[in-house]
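Asker: For reference, the structure I am asking about is given below.
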Amino acid sequence: GEILPIAGQFGDKYYLLASNKPGETMLHSPQGKDWKLKKASPGRDPRSGQRAIDFVLDERAGILFGQITGRNIGKPLCIILDDLAISAPTINSRITTNGQITGSFTLTDVADMVNKLSAGSLPARLIEQPLSEKTIGPSIGADNRDKGVKAGLVGLILVIVCMVVYYTLAGSIASFALLLNILFVLAIMALVKATFTLPGIAGIILTIGMSVDANVLIFERIREEQRKGSSLRIAIKNGYEKAFTTIFDANLTTFITAAILFWVASEEIKGFAIVLMLGIISSMFTSLFVTRVIFDFLLS
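FYI, full-length UniProt numbering numbers position 41 of the sequence shown as 41, with every residue one higher than the one before it.
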C-alpha cells in the first residue's frame, strides 16, 4: 500500500515526522486510558524571564516522556494535534511529569498553545472550507457595555435616594463617600490604562453595594448607641468602633476571593477581580475614614 508521510507546518518551517517507532512517540487514545496531560498553563522561563508554557503529565505519561526525552536530548520534538503540528520545541533535558516549553512567544501564542493542549483533539475533524461565515461587528459589545453602564447608573441613583430618604444627613454623607469611592476606582483604572469592560462594570456595581453595606452597618450602630442614651459624639465614636470588625472581616474575605479569581481565572474574570479589589480598598477608605472626618467636622 501507499505510505503517506506525516508532516505539518509550524511557523515558517515544515516538519516531517522522522520517527514513528514504539518508544519514540506518545500516541494518546481518544478515551485517554493510556496517559493524560493533567494541566497546561502560562509560565515564565526562569532563566530568561520570557513567556513559556508549563505542563504537567500524569505518572504514566511522565515515565514514557522521560524515556523519550532522555534518548533524544538536542533533537526537536513535534507536538501533533488533529494531524497538525502545533509546536516543535527542542529537547533540552530529560523531562518527566513536569515540563516547560520555551521560546519567543507572545501573549497570544501562549494562550493559544495552552488552549490547544488543554482541549486536546476534536471529536471530529473540521472541514477546511466553512459552510458559512458570519461577521459580528464591535457595535454589539459596545451596546452591551452601554447597557451595563446605564444599569449601574440607575442602581447608583436608587441607592442614593434610599440612603438620603432613610438616613437624611447621614445618608447624604454616605452618598458623597459612595461617589468619591467610584471616582477613586475610575481614576486608578485610568491611571493604569485599564480597559473598561462588562466584568469591570460588574465589579463597580458590586463595589457600590459593599460600600453602602458598610455605611448602613455604621449608621445602625450609631442609632443603637443613641437609643442607649449616648450623646451624638459618643454614639458616632462607638458606632464606628463596633462596626469596624464586621466591615473589615466582610471586605477581607471578599478581597481574598477576588485575589483567588485573579490568580486562576481567565482574562475576562481577572478584569472583574481587579476592579473588585480596587473597590474594596477604596470603599474601606471612604466608609471608615472619609465619612468619619465629615462627621467630626460637622460636630466641631
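Quick reminder that beta carbons are idealized off the backbone N, C-alpha and C, glycines included.
No experiment lies behind these values; they were computed from the predicted model shown.
Excluding the 5 residues preceding and the 5 following G32 in the sequence, name in chain order all residues of the same chain whose CB lies nearer than 6 Å to its CB.
Answerer: With a pLDDT of only 49 at G32, under 50, the local geometry of the prediction cannot be trusted, and no value is derived from it.
Asker: What's the gap between the Cα of K270 and the Cα of I95?
Answerer: Cα-Cα distance, rounded: 32 Å.
Asker: Does T286 pass the burial test, meaning 16 or more other C-beta atoms within 10 Å, or should it be called exposed?
Answerer: Buried, because 16 or more other Cβ atoms sit within 10 Å of the Cβ of T286.
Asker: Going by CA-CA distance only, name the one from S230, N238, M284 and K193 that's closest to residue 325.
Answerer: The chain is shown only over 1 to 300; residue 325 falls outside these bounds and no answer can be derived.
Asker: Using a Cβ-Cβ cut-off of 8 Å (strictly less than) and excluding sequence neighbours within five positions of L206, which residues of its own chain qualify?
Answerer: For L206, where only same-chain residues beyond five positions count, the Cβ hits under 8 Å are L276 and G279.
Asker: Within its chain, find whatever has a CB closer than 7 Å to the CB of L156; leave out the 5 residues flanking it on each side and keep chain order.
Answerer: Excluding residues within five positions, the ones whose Cβ falls inside 7 Å are I208.
Asker: Which same chain residues end up closer than 6 Å to E268 when comparing Cβ atoms and leaving out the 5 residues on each side of it in sequence?
Answerer: Answer for E268: P199, listed in chain order.
Asker: If contacts are defined as beta-carbon pairs under 8 Å, then I201 and V149 qualify, I think. What distance do you get, rounded to the angstrom?
Answerer: Correct: roughly 6 Å between the Cβ atoms.
Asker: For V69 versus I53, is the C-beta distance shorter than 8 Å?
Answerer: A small correction: the amino acid at residue 69 is Thr; Val does not occupy that position in the sequence shown. Going by C-beta atoms, T69 is not nearer than 8 Å to I53.
Asker: Given F105, which residues of its chain have a CB within under 6 Å of its CB, disregarding the five upstream and five downstream residues?
Answerer: Contacts found: R51.
Asker: Would DSSP call S87 helix, strand or coil?
Answerer: Reduced to three states, the DSSP call for S87 is strand.
Asker: From R292 to S41, what does the alpha carbon distance come to, in whole angstroms?
Answerer: Cα to Cα, R292 sits roughly 46 Å from S41.
Asker: Enumerate, from N- to C-terminal direction, the unbroken alpha helix (DSSP H) stretches of 4 or more residues contained entirely within the region 203-242.
Answerer: DSSP runs (the alpha helix (DSSP H)) wholly in the region 203-242: none.
Asker: Below 8 Å between beta carbons: does that hold for K36 and A61?
Answerer: Cβ distance < 8 Å, so K36 and A61 count as in contact.
Asker: Thinking C-alpha only, which one of T254, L252, A273 and I256 is nearest F262?
Answerer: Comparing Cα-Cα distances from F262 to each of T254, L252, A273 and I256, the minimum goes to A273.
Asker: On a Cα-Cα basis, can you pick out the residue from I101, P76 and V290 that is closest to G49?
Answerer: Checked all of I101, P76 and V290; the closest Cα to G49 is I101.
Asker: For T135 and A111, I'd like the C-alpha separation in whole angstroms.
Answerer: One C-alpha to the other measures close to 23 Å.
Asker: Classify L252: buried if its beta carbon has 16 or more other beta carbons within 10 angstroms, exposed otherwise.
Answerer: Exposed.
Asker: Count the CB pairs spanning the region 234-251 and the region 216-225 that are closer than 8 Å, and state whether there are at least three.
Answerer: Short answer: they touch.
Asker: Identify the continuous alpha helix (DSSP H) that holds G271 and give its terminal residues.
Answerer: Run containing G271: E267 to F285, per the alpha helix (DSSP H) assignment.
Asker: Cα separation between T97 and T108?
Answerer: Taking the straight line joining both Cα atoms gives about 25 Å.
Asker: Check F105 in the structure and name its three-state DSSP category.
Answerer: In this structure, F105 counts as coil in the three-state DSSP scheme.
Asker: Can you give me the start and stop residues for the beta strand (DSSP E) that R292 sits inside?
Answerer: Element bounds for R292: not the beta strand (DSSP E) but the alpha helix (DSSP H), T291 to L299.
Asker: Have a look at L179, S118, V154 and G203 and flag the residue whose alpha-carbon is nearest the alpha-carbon of T254.
Answerer: Of the listed residues, the one whose Cα sits closest to T254 is G203.
Asker: Which of helix, strand or coil does DSSP assign to P199?
Answerer: Reduced to three states, the DSSP call for P199 is helix.
Asker: What is the rounded straight-line gap between the Cα of A119 and the Cα of R44?
Answerer: Roughly 21 Å between the two C-alpha positions.
Asker: Grouping DSSP H, G and I as helix and E and B as strand, with all else coil, what is A52?
Answerer: A52 falls in the strand class under three-state DSSP.
Asker: Check for me: the beta strand (DSSP E) holding A194 runs from which residue to which?
Answerer: Element bounds for A194: n/a, residue is neither H nor E.
Asker: Nearest to P46 by CA position, among D58, Q67 and G103, is which residue?
Answerer: Ranking the options by Cα distance to P46, first place goes to G103.
Asker: Compute the Euclidean distance between the alpha carbons of D58 and L64, then round it to the nearest angstrom.
Answerer: Rounded to the nearest angstrom, the two C-alpha atoms are 10 Å apart.
Asker: Which class does L288 belong to by DSSP, given the choice of helix, strand or coil?
Answerer: Three-state DSSP puts L288 in a helix.
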